[in-house]
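Engineer: Below is the structure I would like to discuss, written out as structure tokens.
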Amino acid sequence: MLMKDEYRTLQGLSQGLYKEKGSRFIGIATPVQSTDEVRLQLDKLRKEYHDARHHCYAYRIGEEPYESRFQDDGEPSGTAGKPIFGQIQSFELTNALIVVIRYFGGIKLGTGGLIQAYRAAAKDAVENGTVITKIWTAHLEIRFDYMQMNDVMRVIKDENLKIMRQDASVQCCILLEIRKGSYENIINKFSTFERLKMTVI
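Residue numbers in the sequence shown follow the working numbering, run continuously in steps of one, and reach 206 at the last position.
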């Protein structure tokens, strides 16, 4: 069972394959962080598999409400993108893109056959990779007087916060990575410090 600030995604790129009546369906699953990254991955795969008939895909990015899309790329409506997206939902993934590339074998598979083929290739791609659990985080920059350093560092240690950047040249400045589930608690703790300023990055 996932906690509120946890999510499932793919560790890296993985590949799957499904064959039916001469057609080959190559599934490729990969982690993505943005729609720009989705476009880059799609452009790369279209060039790599330029001789394929169809490059169908689905992706889901971010937290609820997710940013998601699926595309049939010339296949009959609902026979490709939707079953691919169904596997993203089935594995409860986000920040994930699955592309299924079809090399047509000369024999039509029909609506049911296509749905099965695209679903199977997408599933195989995910199962051949590694699904990992990650944590949604936020970045908080705090600025404070040097005299407050010990008290600030005590909060950082007690809450097991990750320091991303630290600078004490003029005024003390620390950039922290905070688990979203702990965010409100951390803000409340630092709010008790006089003259300490917080900025969400």
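C-beta: ideal position from N, C-alpha, C; glycine also.
Bear in mind the structure is a predicted one, so any value in this text is a computation, not a measurement.
1. Quick test of your reading: LEU145 and VAL205, contact by CB under 8 Å. State the CB separation rounded to the nearest angstrom.
2. Which class does MET70 belong to by DSSP, given the choice of helix, strand or coil?
3. With DSSP collapsed to three states, give me the class of GLN20.
4. Which runs of the beta strand (DSSP E) spanning at least 3 residues fall entirely within the stretch 105-142, listed in chain order?
5. Check each candidate in LEU201, SER196, LEU22 and GLU189 and name the one with the smallest Cα separation from ASP10.
6. Nearest by alpha-carbon distance to SER39: which of GLU53, GLY83 and ARG65 is it?
7. With a threshold of 6 Å on Cβ separation, who are the neighbours of PRO88 within its own chain once the five nearest residues in sequence on each side are excluded?
8. Is GLU42 helix, strand or coil by DSSP?
9. With which residues is GLN76 paired in a DSSP beta bridge?
10. Leaving out five residues on either side along the sequence, give the residues of the same chain with a beta carbon under 6 Å from the beta carbon of GLN171.
11. Please classify GLU199 as buried or exposed, where buried requires at least 16 neighbouring CB atoms within 10 angstroms.
12. Does the pairing of the stretch 53-61 with the stretch 97-117 give three or more beta-carbon distances under 8 Å?
13. Report the partner residues of SER28 according to the DSSP bridge assignment.
14. Between THR5 and the rest of its own chain, which residues show a CB-CB distance below 8 Å, the 5 nearest in sequence each way excluded?
15. How many angstroms separate the CA atom of ILE168 from the CA atom of ILE147?
Structural biologist: Quick answer:
1. 6 Å
2. The identity of residue 70 in the sequence shown is Pro, whereas the question assumes Met. Reduced to three states, the DSSP call for PRO70 is coil.
3. GLN20: strand per DSSP, three-state reduction.
4. For the beta strand (DSSP E) assignment, the uninterrupted runs of no fewer than 3 residues enclosed by the stretch 105-142 are, from N- to C-terminal side, 136-140.
5. GLU189
6. That would be ARG65, whose Cα lies nearest to the Cα of SER39.
7. ILE120, TYR123 and ARG124
8. The three-state reading of DSSP puts GLU42 in helix, counting H, G and I together.
9. TYR62
10. ILE179
11. exposed
12. These segments touch.
13. GLU25
14. This structure cannot speak to residue 5, because the chain is shown only from 6 to 206.
15. Between ILE168 and ILE147, the C-alpha separation is close to 11 Å.
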